[in-house]
Amino acid sequence: MGRILFKINILVCGLALCIAAYAQDEIRGSVAQGQAVPTPIDLSLTDAIQRGLRFNLGLLNSKEATNSARAQRLQVLSALLPNINGNFTDSYNRVNLVAEGFDFKLPPNSPIQIPLVVTYPSVDTRASLTQSVFSLQRLRNLRAADANILASQLSLQDTRDLVVQAVGNAYLLIISDQARIGTAKAQIETSQVLFQRAVDLHNAGTAPAIDQLRAEVQLRTDQQSLLVVQNQLEKDKIALGRVIGLPPGQQFQLSDPLPFSPLDVMTPEAALAQAFSNRADFKAAEARVHAAVISRQAAVAEYFPTFDLNGNFGDAGSYLTNSHNVFSVAGAVNFPIFSGGRIKADVEQADVTIRNRRNELGDLRGQIDQEVRTALLDLHSSADQVAVANRNVELAHETLTQSRDRFTAGVTDNVEVVQAQQSVVTADANLIDATYRHNQAKIELARGLGLTEQNVSRFLLQK
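Here the working numbering is used: the first residue of the sequence shown is 866, the next is one more, and so on.
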């Protein structure tokens, strides 16, 4: 029994640890609900997060893991609660008395005759009770099961944070795609104007044919870039729909533009203090260490005696009409004398589990430290990049305007114009990337600090 309960504790810890590993893959999936409607729906970041928290596959499986931990606790608890069973037997019996050891030797010519085979009916109605009065091992296993449930519940909260993080990142990616499409369309309009101007100048004999060809190449390049970004947008929308459980084929449009907005960040020390106080995965790791310690105490308790009570009460007789009350009560003290090293092996296995859980806790502490510090660095750097990119966009557009004017005036060919267009494309892309990285850093910081759902709303939506 001790080994079975020990394995149950190990299994619960293993399930809790596997949640984070499996969640990374499962969070990309969901259980879609409802049917797609023909008209596109508006999808805010809050709506997307709430859908993800209802239908995401990783979160649904994490909930079932918590239910499994509760069921395993009931298995441990059942060993401490009374077990009562009822039984009714109605039989007709034939017994060979000689075979049962009743071989009577009567004097010769005795008037008394004892049959060798006896036939008789029998009725037995009985309720039996088995109760563990005291078992230190079972009590400690129950405490370990309680700690495992707490760890599983905390892992469930951590999975919610991971879902919010995944939804937020997918939402930002679509916003970035839409911004790229906007700049690509604006670039096509510029290229179209420059191409038509090159054609007009060539027809007027004031520009060579190579200028017209270069302008057309730039136009086709910009059109191809637009097709690539549009395709990427549709794929990223499908990915977000999978994460939040939208019906297949449901079209939607984002209603939160999430522009750049500076964030007053805290010091690394204050951020880490908040992270270790709020992170559900860190608390879950601590709970798993505690459960492992109690499981070892339960393994040691296998050396101690246990006291069990067994009893039954009922009616027995040849028929129900002539049955009589019968009962039996017995108490038993059980204690190990020689277990062949089994208990020692259980204790050593428990020691290994404790060391593993503590190692995992130490690694998670370092991981949280890395995540928080990295998010703060990215937040500072991306904010500076946005400021530089904004200024670069202004300069690139001003350069393009001057190049167009010089080309129209015949001062230069359109090589200068094409180069200026490429500078605009690069500047716009850098600004989009910097804004995306800044908002993504906010989500990573929200995840690093814990309470991801509240922090995402506060950092991105200013709520």
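Here a beta-carbon is modelled for each residue, glycine too, at the ideal position from N, C-alpha and C. These numbers come from a predicted model, not from an experiment.
Check your understanding: DSSP three-state call for Ser997: helix, strand or coil?
Key -> As a first step, residue 997 is located in the sequence shown; it is residue number 132 there, counting from the start. Residue state, collapsed to three classes: strand.
Point to revise | Nearest residue (CA-CA) to Glu929, options Arg959, Leu1021, Ser956 | key: Translated into positions along the sequence shown, residue 929 becomes position 64. Glu929 has its Cα closest to that of Leu1021, out of Arg959, Leu1021, Ser956.
Review point. Run through DSSP, which three-state label would Ala1306 get?
Key: Here the question's residue 1306 lines up with position 441 in the sequence shown. It is helical.
**Study point:** Under 9 Å between C-beta atoms of Thr954 and Ser987
**Key:** Indexing the sequence shown from 1 puts residue 954 at position 89. Indexing the sequence shown from 1 puts residue 987 at position 122. Yes, these two residues count as a Cβ contact at 9 Å.
Check your understanding: DSSP state of Ala886, grouped into three classes?
Key -> Looking up residue 886 in the sequence shown gives position 21. In this predicted model, Ala886 has a pLDDT of only 48, less than 50, meaning its place in the structure is not dependable; the value taken from the coordinates is given anyway. In this structure, Ala886 counts as helix in the three-state DSSP scheme.
Check your understanding: Could you give the residue range of the beta strand (DSSP E) that holds Gly1196?
Key -> In the sequence shown, residue 1196 corresponds to position 331, counting from 1. From DSSP, the beta strand (DSSP E) with Gly1196 extends over 1189–1199.
Exercise for review: Evaluate contact between the region 987–997 and the region 1171–1183, counting only Cβ atoms and requiring at least three cross-stretch pairs below 8 Å.
Suggested key: yes
Review point. Among Ile1014, Arg991, Asp907, Asn926, which has the Cα closest to the Cα of Gln937?
Key: As a first step, residue 937 must be located in the sequence shown, where it is residue number 72. Comparing Cα-Cα distances from Gln937 to each of Ile1014, Arg991, Asp907, Asn926, the minimum goes to Ile1014.
Practice item. Please classify Asp907: does DSSP put it in a helix, a strand, or coil? Key: The residue labelled residue 907 in the question sits at position 42 within the sequence shown. Reduced to three states, the DSSP call for Asp907 is strand.
Review point. So the beta strand (DSSP E) Asn921 belongs to, where does it begin and stop?
Key: Here residue 921 refers to the residue found at position 56 of the sequence shown. Segment: none, Asn921 is in no beta strand (DSSP E) and carries neither H nor E.
Check your understanding: Closest to Leu1325 by CA distance: which of Tyr1036, Pro973, Gly894, Gly951 is it?
Key -> The count along the sequence shown starts at 1 and reaches residue 1325 at position 460. Of Tyr1036, Pro973, Gly894, Gly951, the residue nearest in Cα terms is Tyr1036.
Check your understanding: Do Gln1095 and Ile1046 have their C-beta atoms within less than 9 Å of each other?
Key -> Residue 1095 sits at position 230 when you count from the first residue of the sequence shown. Residue 1046 sits at position 181 when you count from the first residue of the sequence shown. Yes; because the gap between Cβ atoms is below 9 Å, this pair is in contact.
Point to revise | Asp1211 burial status per 10 Å Cβ neighbour count (16 or more: buried) | key: For the purposes of this step, residue 1211 is taken as residue 346 along the sequence shown, with counting starting at 1. Asp1211 is buried by the Cβ-count criterion.
Practice item. Could you tell me the distance, in whole angstroms, from the CA atom of Ser1204 to the CA atom of Val1194? Key: Reading the sequence shown from its first residue, position 339 is the one you call residue 1204. Reading the sequence shown from its first residue, position 329 is the one you call residue 1194. Rounded to whole angstroms, Ser1204 to Val1194 spans 28 Å at the Cα level.
Check your understanding: Measuring CA to CA, which of His1262, Ala1215, Glu1309, Ser1288 is closest to Ser1247?
Key -> One-based indexing of the sequence shown puts residue 1247 at position 382. Closest by alpha carbon: Glu1309.
Practice item. Count the other C-beta atoms from every protein chain shown that fall within 10 angstroms of the C-beta of Arg935, then say buried if there are 16 or more, exposed otherwise. Key: Counted from its first residue, the sequence shown places residue 935 at position 70. Exposed, by the Cβ-count rule.
Exercise for review: Go to Phe953, then tell me how far its beta strand (DSSP E) extends in each direction, as first and last residue.
Suggested key: Stepping through the sequence shown from its first residue, residue 953 is reached at position 88. Note, Phe953: beta strand (DSSP E), 948–961.
**Study point:** Same chain, Cβ closer than 8 Å to Thr1048, neighbours up to 5 away in sequence not counted
**Key:** Position 183 of the sequence shown, counted from the start, is the residue given in the question as residue 1048. Only Val1290, Asp1293, Ala1294, Ile1297 meet the Cβ criterion.
Exercise for review: Please go through the same chain and pick out, in chain order, the residues whose beta-carbon is closer than 6 Å to the beta-carbon of Ala1197, but skip the five residues on each side of it.
Suggested key: By 1-based counting over the sequence shown, the position of residue 1197 is 332. So the list reads Asp1173, once near-sequence residues are dropped.
Exercise for review: Just mark Ala1069 as buried or exposed, buried being the case when its beta carbon has 16 or more other beta carbons within 10 Å.
Suggested key: Residue 1069 sits at position 204 when you count from the first residue of the sequence shown. Its Cβ having fewer than 16 others within 10 Å, Ala1069 is exposed.
Point to revise | In DSSP terms, what Arg991 is bridged to | key: The residue labelled residue 991 in the question sits at position 126 within the sequence shown. For Arg991, which the question treats as bridged, DSSP gives the partners Asn952, Gly1179.
Exercise for review: Measure the C-alpha to C-alpha separation of Leu1078 and Ala1063 and round it to an integer number of angstroms.
Suggested key: Taking the sequence shown and counting its residues from 1, the one referred to as residue 1078 is at position 213. Taking the sequence shown and counting its residues from 1, the one referred to as residue 1063 is at position 198. Distance between the alpha carbons of Leu1078 and Ala1063 is about 9 Å.
Exercise for review: Look at the alpha carbon of Glu1318 and the alpha carbon of Pro903, and state the distance between them as a whole number of angstroms.
Suggested key: Sequence index remark: in the sequence shown, residue 1318 carries index 453 (1-based). Sequence index remark: in the sequence shown, residue 903 carries index 38 (1-based). Taking the straight line from one Cα to the other gives about 31 Å.
**Study point:** Whether Val1321 touches Ile1219 by CB criterion (9 Å)
**Key:** For this step, residue 1321 is matched to residue 456 along the sequence shown. For this step, residue 1219 is matched to residue 354 along the sequence shown. The answer is no: Cβ separation not under 9 Å.
Practice item. Tell me Asp1173's beta-bridge partners as DSSP assigns them. Key: Start at 1 with the first residue of the sequence shown, and residue 1173 comes out as number 308. Asp1173 is bridged to Ser997, Ala1197.
Check your understanding: With respect to the alpha helix (DSSP H) encompassing Phe1125, which residues constitute its N-terminal and C-terminal limits?
Key -> For this step, residue 1125 is matched to residue 260 along the sequence shown. From DSSP, Phe1125 is part of no alpha helix (DSSP H); its letter is neither H nor E.
Point to revise | At least 3 beta-carbon pairs within less than 8 Å: the region 971–990 vs the region 1132–1147 | key: no
Check your understanding: In or out: Val1282 buried (at least 16 other Cβ within 10 Å) or exposed?
Key -> Working through the sequence shown from its first residue, we reach residue 1282 at position 417. So Val1282 counts as buried.
Review point. Distance, Cα to Cα, Phe1192 vs Asn950?
Key: Counting from 1 along the sequence shown, the entry for residue 1192 is found at position 327. Counting from 1 along the sequence shown, the entry for residue 950 is found at position 85. Taking the straight line from one Cα to the other gives about 14 Å.
Review point. By how many angstroms is the C-alpha of Asp1026 removed from the C-alpha of Ala1311?
Key: As a working mapping, residue 1311 is identified with position 446 in the sequence shown. As a working mapping, residue 1026 is identified with position 161 in the sequence shown. One C-alpha to the other measures close to 9 Å.
**Study point:** Alpha-carbon spacing of Gln1327 relative to Ala1152, whole angstroms
**Key:** Translated into positions along the sequence shown, residue 1327 becomes position 462. Translated into positions along the sequence shown, residue 1152 becomes position 287. Each residue's Cα considered, the two are about 34 Å apart.
Exercise for review: Determine contact between the region 1269–1282 and the region 1234–1251, defined as no fewer than three beta-carbon pairs at a distance below 8 Å.
Suggested key: no
**Study point:** Sub-9 Å separation of Thr1359 and Gly923 beta-carbons
**Key:** Past the edges of the chain, shown from 866 to 1328, lies residue 1359, and the structure says nothing about it.
Review point. Considering only residues of the same chain and omitting the five flanking positions on each side of Asn1224, which have a CB-CB separation below 8 Å?
Key: On the sequence shown, residue 1224 is found 359 positions in, with the first residue counted as 1. None.
**Study point:** Residue from Leu1314, Arg1269, Thr1300 whose Cα sits closest to the Cα of Gln1057
**Key:** On the sequence shown, residue 1057 is found 192 positions in, with the first residue counted as 1. Of Leu1314, Arg1269, Thr1300, the residue nearest in Cα terms is Arg1269.
Exercise for review: Name the residue from Arg1005, Val1029, Gln1002, Gln1061 whose alpha carbon lies nearest to the alpha carbon of Phe1272.
Suggested key: Counting from 1 along the sequence shown, the entry for residue 1272 is found at position 407. Considering only alpha carbons, the answer is Gln1061.
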